[in-house]
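A.B. asks: In my numbering, the protein residues as written are 656 to 1062.
#1: Spell out a yes or no on whether the segment 915-924 and the segment 952-965 are touching, meaning 3 or more CB-CB pairs, one atom from each, closer than 8 Å.
#2: Return the CA-CA distance between residue 985 and residue 908, expressed in angstroms with no decimal places.
#3: On a CA-only basis, which of 849, 814, 783, 787 is nearest residue 764? Give me that one, please.
#4: Just mark residue 734 as buried or exposed, buried being the case when its beta carbon has 16 or more other beta carbons within 10 Å.
#5: So for residue 904, helix, strand or coil by DSSP?
#6: Around the C-beta of residue 1052, are 16 or more other C-beta atoms found within 10 angstroms, so that it is buried, or is it exposed?
#7: Pairing CB atoms from the segment 817-826 with CB atoms from the segment 739-748, are three or more of them under 8 Å?
#8: Considering only the beta carbon of each residue, do residue 775 and residue 802 sit closer than 8 Å?
#9: Classify residue 708: buried if its beta carbon has 16 or more other beta carbons within 10 angstroms, exposed otherwise.
#10: Have a look at residue 897 and residue 728 and give me their C-alpha separation to the nearest angstrom.
#11: DSSP three-state label for residue 764, please.
#12: Excluding sequence positions up to five away, which residues of its chain have a Cβ less than 6 Å from the Cβ of residue 824?
#13: Whole angstroms are fine: how far does the CA of residue 778 sit from the CA of residue 856?
#14: Hey, could you find the ends of the beta strand (DSSP E) residue 955 is sitting in?
#15: Do residue 994 and residue 988 have their CB atoms nearer than 8 Å?
#16: Would residue 940 pass as a contact of residue 887 if the rule is Cβ separation under 8 Å?
#17: Within the same chain, show all residues whose beta-carbon is closer than 6 Å to that of residue 932, passing over the 5 residues directly before and after it, in chain order.
#18: As a quick exercise: from 830, 873, 929, 719, pick the residue whose alpha carbon is nearest that of residue 850.
#19: Among the candidates 960, 871, 754, whose CA atom is the shortest distance from the CA of residue 1024?
#20: Could you compute how far the alpha carbon of residue 720 sits from the alpha carbon of residue 808?
#21: Hey, quick one: how far does the alpha helix (DSSP H) through residue 710 stretch, first residue to last?
#22: Excluding sequence positions up to five away, which residues of its chain have a Cβ less than 8 Å from the Cβ of residue 762?
#23: Measuring alpha carbon to alpha carbon, tell me which residue in 862, 805, 973 is nearest residue 873.
#24: Beta strand (DSSP E) containing residue 882: first to last residue?
#25: Taking 8 Å as the threshold (C-beta atoms), are residue 936 and residue 914 in contact?
#26: What is the rounded straight-line gap between the Cα of residue 875 and the Cα of residue 899?
#27: Answer yes or no: do residue 772 and residue 806 have a C-beta to C-beta separation smaller than 8 Å?
#28: Helix, strand or coil for residue 724? Go by DSSP, reduced to three states.
#29: DSSP beta-bridge partners for residue 737?
#30: Would you mind sorting residue 754 into buried or exposed? The rule is 16 or more other CB atoms within 10 Å of its CB.
#31: Whole angstroms is fine: what's the gap from residue 999's alpha carbon to residue 979's?
#32: Can you tell me whether DSSP reads residue 934 as helix, strand or coil?
#33: Per DSSP, which one or two residues make a beta bridge with residue 650?
#34: If you draw a straight line from the alpha carbon of residue 992 to that of residue 968, how long is it in whole angstroms?
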């Protein structure tokens, strides 16, 4: 018998923190779901994991108990949910009632998807969603005023695993594992009022048919012209961290307002966070149990940790290590954007060397780079290679501005 832990109580301030205390009860489960291997090779090369077993490999002989092979509304089913079922979906299942999926294996054909519309709510716990189709499956779509409670699930092989087009306040996505999806969570709501915490986004083997032509996931979370807050509340504890690994970009934000805190970004071959246009506010969080302590965003073995292009950037409380090129890069700021980069710890492989008092970047790596920028820049209180040197007396290889043509 599995306990059903819900985060609906997180809506109110007082109930919010009571629910956070309640999540400590599921440490046993989190020990499984949050085992997220952060170790990387000494070089900035992150190979595919060895002996990776996909979900579809775990069900070589999938004997279904339920099939959805034609467009179906949950109101037309004779049940209010599935428990312990093996379900095959190769059409559109529309959720227009409160429908619960518990401890199920859901296999999708090439035309399979789930859509949650106004008046409908999908609650899913401890279930597995996957496909063995070479083109993946279409994902779970949350339409306007659709509601979603999605906790402790495993999701693989989707083109866009969860797609949010709803501004409903009843969307909770927590403690899930997203693996080998082209995009884990895609958000294009006018205002995404969703709680997204403690999820792990990974790509442990090449995708079947990636959208962008890359063998790795395009992004764990993709924001498309939206306003979204991703991560834990400002007062929290460490187990609410969202993790991103082995992707092209951990988070990709296009013309959006991104508020993000408490994440780990490891071995992403493009960027930990990549924002183009809009605003990106990236910060840590305060320890719920001890306000004198804080949790920081961590970046390790990414090609770039943060890349912002034409973005109002507020970046603080990050630990940046073993970056392949630039830890933090802000570029193409030609519309009087405001750049605030402060209180970050930056480490570049091999440390810094000096020549005539001017820092030289090992292997052309840079801590902070501003290029093609007419922005209002505030760069201060960042530490470089664990030194006590703080801006503005930072070595050249920690903070570099460019004239718009060369870097």
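From the three backbone atoms N, C-alpha and C, an ideal C-beta is built for every residue, glycine too.
What you are looking at is a predicted structure, and each value in this text was computed from that prediction instead of being measured.
C.D. replies: Working from what's here:
#1: yes
#2: 14 Å
#3: 787
#4: exposed
#5: strand
#6: Any reading at residue 1052 is ruled out, since the residue's pLDDT is 37, under 50, leaving its predicted position unreliable.
#7: no
#8: yes
#9: exposed
#10: 33 Å
#11: coil
#12: 848
#13: 20 Å
#14: 952-955
#15: yes
#16: yes
#17: 910, 965
#18: 830
#19: 960
#20: 20 Å
#21: 710-713
#22: 711, 714, 717, 719, 741, 742, 743, 744, 785, 786, 787
#23: 862
#24: 882-886
#25: yes
#26: 7 Å
#27: no
#28: coil
#29: 756
#30: buried
#31: 17 Å
#32: strand
#33: An answer regarding residue 650 cannot be provided, because it is not within the stretch 656 to 1062 covered by the chain.
#34: 8 Å
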